[in-house]
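Student: Following this message is one structure expressed as structure tokens.
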Amino acid sequence: MDVEATVPREGDRGPAVVAVGAVSLAISSIAIALRFWSRTQSATMTFWWDDYVLLVTTIVSHAFLSLNVAWTNIGLGKHIEAIPPGSLMPTVYIAKASIELYSVCIWLVKVSALLLFARVFSVSRRFRIGLWGFGAYVTAWFICTAIVPWFNCSPVGKTLDPFIPGVCFNRMPWFVGSAFINAFTDLLILLLPMPLVWRLHMTLLRKISVTFVFILGYCSAFLSFARFVIIIRDPTVMSIEPESDPYYHVVPLLLLSMLEAPIAIVALCAPAIGQLINRAVERGSLTSLFSIFSTHWSKSRSTGAASESEVDRPGYYEVHDYNDPAMKMSSDKWSPVPPGFGSTTAFARDRESAESHGGTVATIPLGSLSAARHVEAV
Numbered sequence: 001m002d003v004e005a006t007v008p009r010e011g012d013r014g015p016a017v018v019a020v021g022a023v024s025l026a027i028s029s030i031a032i033a034l035r036f037w038s039r040t041q042s043a044t045m046t047f048w049w050d051d052y053v054l055l056v057t058t059i060v061s062h063a064f065l066s067l068n069v070a071w072t073n074i075g076l077g078k079h080i081e082a083i084p085p086g087s088l089m090p091t092v093y094i095a096k097a098s099i100e101l102y103s104v105c106i107w108l109v110k111v112s113a114l115l116l117f118a119r120v121f122s123v124s125r126r127f128r129i130g131l132w133g134f135g136a137y138v139t140a141w142f143i144c145t146a147i148v149p150w151f152n153c154s155p156v157g158k159t160l161d162p163f164i165p166g167v168c169f170n171r172m173p174w175f176v177g178s179a180f181i182n183a184f185t186d187l188l189i190l191l192l193p194m195p196l197v198w199r200l201h202m203t204l205l206r207k208i209s210v211t212f213v214f215i216l217g218y219c220s221a222f223l224s225f226a227r228f229v230i231i232i233r234d235p236t237v238m239s240i241e242p243e244s245d246p247y248y249h250v251v252p253l254l255l256l257s258m259l260e261a262p263i264a265i266v267a268l269c270a271p272a273i274g275q276l277i278n279r280a281v282e283r284g285s286l287t288s289l290f291s292i293f294s295t296h297w298s299k300s301r302s303t304g305a306a307s308e309s310e311v312d313r314p315g316y317y318e319v320h321d322y323n324d325p326a327m328k329m330s331s332d333k334w335s336p337v338p339p340g341f342g343s344t345t346a347f348a349r350d351r352e353s354a355e356s357h358g359g360t361v362a363t364i365p366l367g368s369l370s371a372a373r374h375v376e377a378v
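Written as structure tokens, this is what we have:
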């Protein structure tokens, strides 16, 4: 008699899923709350598409995390022989729902990153077209990842009910290929703004610091590569066959998936959170973080909203690309910024152009560069 077949295996990875889910829910909730709080502190009190998409991303991420935590109550993290027979079918349904929520969540993370780049870099029409094209590619790939898994079996109903007669195709090539494409796409998104950053008229140290900010802003790409490595080393980790012990075996990969979106949310919120930190440093007290309407907002209400020439998008600073021919005709001078004026620096750049050529302008998130908020556009 086979001893392994009669003696239940010990071990339960469910508590690890619950712990990661709780921490991820907490940090992403705090980050998105601070991001929106920070936006309300800006003079214009307006939001943009990257804010809204990231909020939806957080909601979907919370649904994905909550579903996985609830899944532990009926078998996730346990060995197959420890799962009651009556829980096997609900477990299959939850597994499918979890995969779909993950696909939606990762797609929204990618779109959020692209919208952030669109907000931060308005340098050239070519770059904006490139962002739109890349966004279309990301969306098309999301549709593929959402639809293809439903047609792995014949008949299609066997995808949800593995006990009915039929045949399922080998899904390992799809899992390996999709993991590689996801990781490669994340790498491309990570590298998109780098050429623009290194063409800016800044010191080498500042270019390196801004590059680090953008790498941090999409650090979930590294988790995508970690998932790809796990699948390459053990392709059966994605198998749902009973002999592969799927609901115990899949947990390490699932933990990385549960961390991917929350870490991206925190990183994409970091520039806005930096505004609150800068504000606290300016005021010399952490209690200033808990003021809903700052003195700067009151001042902007009394003097009128900032004009388009002062602030193009709230919460972001403008940095001009001096490789632009029009910008080379500008002469620069630095002037002190009065205390309490709403700036985070001691000096601001005033630019006067001999001719009004319009120049291209790039914006850098508040907190990533020490620049004045009120910059006169050419």
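Heads up, the sequence shown is in the UniProt record's numbering, so the first residue is 1 and it goes up one at a time. Glycine included, each C-beta is placed from N, C-alpha and C at the ideal position.
#1: What residue does the alpha helix (DSSP H) around Asp51 start on, and which one ends it?
#2: Alpha carbon to alpha carbon, what distance is there between Ile215 and Thr58?
#3: I'd like to know if the segment 255-263 and the segment 103-114 are in contact, where contact means that at least 3 CB-CB pairs between them fall below 8 Å.
#4: Should Gly77 and Val17 be called a contact, given that it needs their Cβ atoms to be closer than 9 Å?
#5: Throw me the rounded Cβ distance for the Ile94 and Ile265 pair, which I believe falls under 8 Å.
#6: In this structure, does DSSP put Phe121 in helix, strand or coil?
#7: Buried or exposed, going by whether 16 or more other CB atoms sit within 10 Å of the CB of Phe212?
#8: In terms of residues, what are the limits of the alpha helix (DSSP H) holding Pro15?
#9: Can you give me the start and stop residues for the alpha helix (DSSP H) that Arg233 sits inside?
#10: Here's the rule I'm using: 16 or more other beta-carbon atoms within 10 Å means buried, otherwise exposed. How should Tyr137 be labelled?
#11: For Val250, which three-state DSSP category applies?
#12: Could you check the C-alpha separation between Gln41 and Phe47 for me, to the nearest Å?
#13: Tell me which residues share the same chain as Leu131 and place their Cβ nearer than 7 Å to its Cβ, disregarding the 5 neighbours each side in the sequence.
#14: Considering only the beta carbon of each residue, do Ala261 and Ser28 sit closer than 9 Å?
#15: Please work out which residues of its chain come closer than 7 Å, Cβ to Cβ, to Ser24, disregarding the five sequence neighbours upstream and downstream, and give them in chain order.
#16: Taking only the alpha-carbon atoms, compute the straight-line gap between Ala82 and Met194 and give it to the nearest angstrom.
#17: State the Cα-Cα distance for the pair Thr203 and Val156, rounded to the nearest angstrom.
#18: For the alpha helix (DSSP H) that contains Asn152, what are its first and last residues?
Tutor: Short version:
#1: Taking the sequence shown and counting its residues from 1, one reaches residue 51 at position 51. Taken as a continuous stretch (DSSP letters only), the alpha helix (DSSP H) holding Asp51 covers 49-71.
#2: By 1-based counting over the sequence shown, the position of residue 58 is 58. By 1-based counting over the sequence shown, the position of residue 215 is 215. If you take the alpha carbons of Thr58 and Ile215, they lie about 20 Å apart.
#3: Segments in contact, yes.
#4: Here the question's residue 77 lines up with position 77 in the sequence shown. Here the question's residue 17 lines up with position 17 in the sequence shown. Yes. Within cutoff.
#5: As a working mapping, residue 94 is identified with position 94 in the sequence shown. As a working mapping, residue 265 is identified with position 265 in the sequence shown. No, Ile94 and Ile265 are not in contact; Cβ-Cβ is about 23 Å, not under 8 Å.
#6: Taking the first residue of the sequence shown as position 1, residue 121 is located at position 121. The three-state secondary structure of Phe121, taken from DSSP, is strand.
#7: For the purposes of this step, residue 212 is identified with residue 212 of the sequence shown, where counting begins at 1. Phe212 is exposed by the Cβ-count criterion.
#8: Taking the first residue of the sequence shown as position 1, residue 15 is located at position 15. For Pro15, the uninterrupted alpha helix (DSSP H) run begins and ends at 14-40, by DSSP.
#9: Start at 1 with the first residue of the sequence shown, and residue 233 comes out as number 233. Here the alpha helix (DSSP H) through Arg233 covers 220-233.
#10: The count along the sequence shown starts at 1 and reaches residue 137 at position 137. By the 10 Å Cβ count, Tyr137 comes out exposed.
#11: The sequence position of residue 250 within the sequence shown is 250, counting from 1. Of the three classes helix, strand and coil, the one that applies to Val250 here is coil, per DSSP.
#12: In the sequence shown, residue 41 corresponds to position 41, counting from 1. In the sequence shown, residue 47 corresponds to position 47, counting from 1. Gln41 and Phe47: Cα-Cα distance of roughly 11 Å.
#13: For the purposes of this step, residue 131 is taken as the residue at position 131 of the sequence shown. Correct list, in chain order: Leu114, Phe117, Ala118.
#14: By one-based count along the sequence shown, residue 261 stands at place 261. By one-based count along the sequence shown, residue 28 stands at place 28. With respect to Ser28, Ala261 sits close: the two C-beta atoms are nearer than 9 Å.
#15: As a first step, residue 24 is located in the sequence shown; it is residue number 24 there, counting from the start. Once the five neighbours on either side are set aside, the close Cβ partners of Ser24 are Leu65, Met258, Leu259, Pro262.
#16: Walking along the sequence shown from the start, residue 82 turns up at place 82. Walking along the sequence shown from the start, residue 194 turns up at place 194. For Ala82 and Met194, the distance between alpha carbons rounds to 50 Å.
#17: In the sequence shown, the residue the question calls residue 203 occupies position 203. In the sequence shown, the residue the question calls residue 156 occupies position 156. Distance between the alpha carbons of Thr203 and Val156: 59 Å.
#18: Walking along the sequence shown from the start, residue 152 turns up at place 152. Looking at the DSSP string, Asn152 is not in any alpha helix (DSSP H), and its letter there is neither H nor E.
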